[in-house]
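Right, one structure below, let's go through it.
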Amino acid sequence: MTDSNPSFLGRISLAVSTFFSILGDGEFAAGVLRLRNGGSAAATAARTPAPAPVPATAPAPAPQPAPTLKEASPDAALQLLGLLQRDARFIDFVEEDIKGFSDADIGAAARLVHDGCRATLREHFTIRPVRDEAEGSRVTLAEGFDATAIRLTGNVVGKAPFNGSISHRGWRVDEVRLPKLTDSHNARVIAPAEVEL
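Going letter by letter, the sequence shown gives residues 1357 to 1553 in my numbering.
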């Protein structure tokens, strides 16, 4: 970087050294004040000595950029809810007040909903486990493991490699096969009202 455009770390170093120079040298502080109030840099430089050089420090690691957040379109989620309602009566089941039903009645209804949900998921998605090992298996996670696919639980201390056992294999979607929607389709209508004539 040039003197007229110092780097970020250069500006930090300049700010720190200027701060201490202002505290320790009244003439330098007056020159900075004149400069801040619109005086010329040449006049200020003529009246004030150059600040003592600050020893160079090791550059700090570059800050990680903040993750970019993207807004998800609700259409696919609404479409999936519609498919689960159509094939499994999922919303009907969840919205039903089941307090008055026996466990046997709830179990029979849950079996139908489960079968329909499973069929819908298998028809429209290819879902596979994140980890192939059986639950309870011991694994070692090397440095650089995919933290979006593996969540550490329990006593997480230190850094990789980590040794632990799989409490859940996780799920990932390898393929999505949702039907295409026309422009006129209103995805917010999950299931149309039915009027029998």
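Idealized CB from N, CA, C, for every residue including glycine.
Since the structure is predicted, the reported quantities are computational estimates derived from the model, not experimental observations.
- In this structure, Q1435 and A1543 form a Cβ contact; the two beta carbons are roughly 6 angstroms apart against a cut-off of 8 angstroms.
- Note on geometry: alpha-carbon atoms of P1417 and I1546 lie some 50 angstroms from one another.
- The Cβ atoms of T1482 and V1529 sit closer than 8 angstroms to each other.
- For the options G1387, D1381, V1486 and D1443, the alpha carbon positioned closest to that of H1524 is the one of V1486.
- Only residues of its own chain outside the window of five on either side were considered, and among them V1486, R1487, L1497 and G1526 have a CB closer than 8 angstroms to the CB of I1506, listed in chain order.
- DSSP, read as helix, strand or coil, puts T1509 in coil.
- Residue state for P1485 is assigned as strand, using DSSP reduced to three classes.
- By a beta-carbon distance limit of 8 angstroms, H1470 does not contact V1532. Their separation comes to about 21 angstroms.
- Residue environment: G1387 is assigned as buried (16 or more neighbouring CB atoms within 10 Å of its CB, all protein chains considered).
- Rounded to whole angstroms, D1461 and L1439 show a C-alpha spacing of 24 angstroms.
- DSSP, reduced to helix, strand and coil, places E1531 within a strand of the structure shown.
- By the neighbour-count criterion, in which a residue is buried when 16 or more other Cβ atoms sit within 10 angstroms of its Cβ, A1444 is buried.
- Secondary-structure assignment with DSSP links F1518 through a beta bridge to L1497.
- Counting C-beta atoms within 10 angstroms of its own C-beta, F1449 has 16 or more neighbours from the protein chains shown and is therefore classed as buried.
- Under the criterion of beta carbons closer than 8 angstroms, G1520 and V1495 qualify as touching, at roughly 7 angstroms.
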